[in-house]
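Enquirer:
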Amino acid sequence: MVWNYSPTLSGWGQLREFINLIETIITDKLPQKSREEIQAMFGFSELKQTQFYQDVFSEGKLEGKLEGKLEAIPKMIQAGISLELISSILELPIETVRQAATPPDEPNS
1 MVWNYSPTLS
11 GWGQLREFIN
21 LIETIITDKL
31 PQKSREEIQA
41 MFGFSELKQT
51 QFYQDVFSEG
61 KLEGKLEGKL
71 EAIPKMIQAG
81 ISLELISSIL
91 ELPIETVRQA
101 ATPPDEPNS
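Residue numbers for the sequence shown follow UniProt numbering, beginning at 1 and rising by one.
1. What is the DSSP secondary structure of Tyr5, counted as helix, strand or coil?
2. For Ile73, count neighbouring C-beta atoms within 10 Å of its own C-beta (all shown protein chains included) and say buried if the count is 16 or more, exposed if not.
3. Quick one: what does DSSP say Ile81 is sitting in, helix, strand or coil?
4. Could you compute how far the alpha carbon of Lys29 sits from the alpha carbon of Phe18?
5. Identify every run of the alpha helix (DSSP H) within the segment 36 to 102, keeping only runs that are complete inside it and at least 4 residues long; order them along the chain.
6. Measuring straight from C-alpha to C-alpha, what distance separates Thr27 and Leu15?
7. DSSP three-state call for Lys33: helix, strand or coil?
8. Can you tell me whether Ile94 is buried or exposed? The criterion is at least 16 other CB atoms within 10 Å of its CB, across all chains shown.
9. Determine the direct distance from the alpha carbon of Lys33 to that of Leu70, and round the result to whole angstroms.
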């Protein structure tokens with residue numbers, strides 16, 4: 001069986017949700033089969049080798065790294081590190097560091 005996927009899917013989260021949905025449906029319909037057997041039947045290892053999967057996976061990794069850096073900024077500020085040094089250490093533009101250092105506006109109550 002050849003694995004066909006929609007090229008309109010974007011983002012690692014959507015791809016992961018889609019794969020989880022398919023695995024859940026198949027697992028419910030074939031309860032006697034192990035997850036590994038189901039993955040082998042439907043070529044999930046082949047999916048992981050497609051350029052689409054690799055691109056989405058790389059994008060997800062980059063987003064995760066950026067998120068980690070942004071979460072570190074307030075802690076670094078609390079430790080007394082200057083915005084310029086944070087920018088240099090994290091290899092982020094100074095404006096990105098400034099934006100992350102500024103708390104979001106609170107909604108009007």
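All C-beta atoms, glycine included, are put in the ideal place defined by N, C-alpha and C.
Expert: Checking against the coordinates, here is how it stands:
1. For Tyr5, the predicted structure reports a pLDDT of 49, less than 50, and the residue's modelled location is therefore unreliable. A value from the coordinates is still provided. In this structure, Tyr5 counts as coil in the three-state DSSP scheme.
2. Buried is the call here.
3. Ile81 sits in coil when the DSSP states are folded into three classes, being neither helix nor strand.
4. Distance between the alpha carbons of Lys29 and Phe18 is about 17 Å.
5. Runs found: 44 to 48, 51 to 78, 83 to 90, 94 to 101.
6. Roughly 18 Å separates the two Cα atoms.
7. Lys33: coil per DSSP, three-state reduction.
8. Label assigned to Ile94: exposed.
9. In this model, Leu70 and Lys33 are separated by some 42 Å (Cα to Cα).
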